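> The structure under discussion is supplied below as structure tokens; questions concerning it will follow.
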Amino acid sequence: MWRKWLAFTALTLLITASGRSGGQGSSDFSVSVNLIKVPISVFDSAGNIISPLQRENFRIWEDRAPQEIRSFGMDTNPVSVVLLLDTSESEKSELKKIREAAEDFIKALSRGDRVSLITFDDEIKLLQDWTDDLKKARRALGRMKPGLRTALYDAMYVAAKEQLAGVDGRKAIILLTDCLNNQSSIDFDDAALTVMQSQASLYVVSKTIMVREQARHDRRVVMLTDIYKRLFGSDGDYIEEFFQKRESEMTSLAERTGGRCFFPVDYDQIKGVYSEVARELKSQHFITYVSNQKMLPNSYHHITVEYLEPLSKVIYRQGYYYLPRPVRKPLP
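Each residue of the sequence shown is one higher than the one before, counting from 14 in this note's numbering.
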């Protein structure tokens with residue numbers, strides 16, 4: 014046993030050696046181990062998750078340098094999930110549907126998994142701190158109340174920076190949103206950076222398809238559209254362009270973290286999306302490797318994974334920050 018401990022210590026701490034060059038002097042060197050774990054999901058051409066997967070079908074690179082796969086398999090470790098729910102401008106009937114969809118997801122979690130519940134509108138409210146008591150989490154959903162405005166980016170920051178602080182192992186943020194923001198003190202770029210630094214997989218359940226037509230009749234949106242047309246001309250659907258940009262931003266961010274973005278057309282489909290995410294988390298695989306790249310504080314390292322089977326799509330965490338410089342939320 015002590016020999017295994019000694020070998021592990023030699024790898025994970027520092028190896029110091031001395032030698033002679035030309036019969037004089039000495040040199041010191043150190044080796045640090047940076048074990049990287051990459052969550053992976055693979056889907057067939059119909060969008061169905063493929064499981065189990067085979068190690069020999071994968072290749073991996075970091076910063077374009079090939080990496081040796083050290084371990085591979087299905088990740089059965091417990092997962093810590095932040096359910097982040099947009100309750101802005103929600104009617105009582107909508108809140109009931111949001112609650113039912115979230116309850117279905119919580120019921121689908123595995124033994125040992127943990128969940129926390131955060132709602133956001135004018136304010137960001139922690140309905141339930143971390144718990145593995147799934148009945149307790151479901152009861153907390155009954156405390157949801159609607160607000161008016163939407164602090165979307167602040168909520169993403171709180172989930173990633175504060176709620177996931179000190180949380181190790183597998184972690185995910187599942188965000189229900191219409192992608193509208195009118196209350197936050199930080200912008201999308203800082204919110205996205207915070208999510209990426211947290212090493213959580215982000216799953217976005219976007220209601221943009223559901224709210225598009227409603228937005229066209231909103232008084233403020235009509236006024237803004239009129240201003241845009243006066244400034245930039247009458248051509249173009251500015252509302253459509255706005256939502257397409259928001260959808261593209263969220264899709265890109267989710268996939269960079271190893272998650273996905275979904276676009277349900279009604280609340281019944283939202284229930285199905287939550288169930289799909291729960292199944293995906295249960296069948297997620299992982300690759301580990303020891304990075305052979307130079308590590309500098311706050312450096313970003315891009316990961317590329319290739320799956321050799323044709324007609325498939327692989328979703329994985331596309332990079333990580335080494336000793337990241339934290340994003341500081343400005344005062345309101």
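For each residue, glycine too, the CB sits at the ideal point set by N, CA and C.
Treat the numbers as computed from the prediction; the structure is a model and nothing was measured.
1) Which whole-angstrom value describes the C-beta separation of Ala168 and Ile283, a residue pair presumed to lie in contact below a C-beta threshold of 8 Å?
2) Measuring only the C-alpha atoms, how far is Ala150 from Phe245?
3) For Asn311, which option in Thr100, Arg338 and Val318 has the closest C-alpha, if you only look at C-alpha atoms?
4) Within its chain, find whatever has a CB closer than 7 Å to the CB of Asn70; leave out the 5 residues flanking it on each side and keep chain order.
5) Quick one: what's got a C-beta closer than 6 Å to Phe56's C-beta in the same chain, skipping five residues either side?
6) Please say whether Val318 and Tyr335 have beta carbons closer to each other than 9 Å?
7) Where DSSP assigns a beta bridge to Arg127, which residues make up the other side?
8) Which same chain residues end up closer than 8 Å to Gly155 when comparing Cβ atoms and leaving out the 5 residues on each side of it in sequence?
9) Entirely within the region 143-218 and at least 3 residues each: give me those beta strand (DSSP E) ranges in chain order.
10) Applying the criterion that 16 or more other CB atoms from any shown protein chain within 10 Å of the CB defines a buried residue, is Val278 buried or exposed?
11) May I ask which residues mark the beginning and end of the beta strand (DSSP E) holding Phe299?
12) Roughly how many angstroms separate the alpha carbons of Pro91 and Val128, rounded to a whole number?
13) What do you get for Thr89, buried or exposed, if any count of 16 or more other CB atoms within 10 angstroms of its CB means buried?
14) In the DSSP assignment, find the beta strand (DSSP E) that holds Leu48 and state where it starts and stops.
15) Between the alpha carbons of Leu66 and Phe299, how many angstroms are there, rounded?
16) For Met87, tell me which candidate among Gly60, Pro79, Ser54 and Tyr216 has the shortest Cα-Cα distance.
17) Could you tell me if Ile240 is buried or exposed, where buried requires 16 or more neighbouring beta carbons within 10 angstroms of its beta carbon?
18) Report all residues from its chain with a CB closer than 7 Å to the CB of Asp145; omit the five preceding and five following residues, and keep chain order.
19) Could you work out which residue in Ser123, Ile186 and Met223 is closest to Ala205 when comparing CA atoms only?
20) Quick check on DSSP: helix, strand or coil for Ile63?
21) Using three-state DSSP, classify Ser261 as helix, strand or coil.
On the basis of the supplied data:
1) At roughly 18 Å, the Cβ-Cβ gap does not stay under 8 Å, so Ala168 and Ile283 are not in contact.
2) 49 Å
3) Arg338
4) Tyr320, Leu321 and Glu322
5) Ile62 and Lys326
6) no
7) Ser93
8) Arg112
9) 183-190
10) exposed
11) His298 to Val303
12) 11 Å
13) exposed
14) Leu48 to Asp57
15) 10 Å
16) Ser54
17) exposed
18) Gly125, Asp126 and Arg127
19) Ile186
20) coil
21) helix
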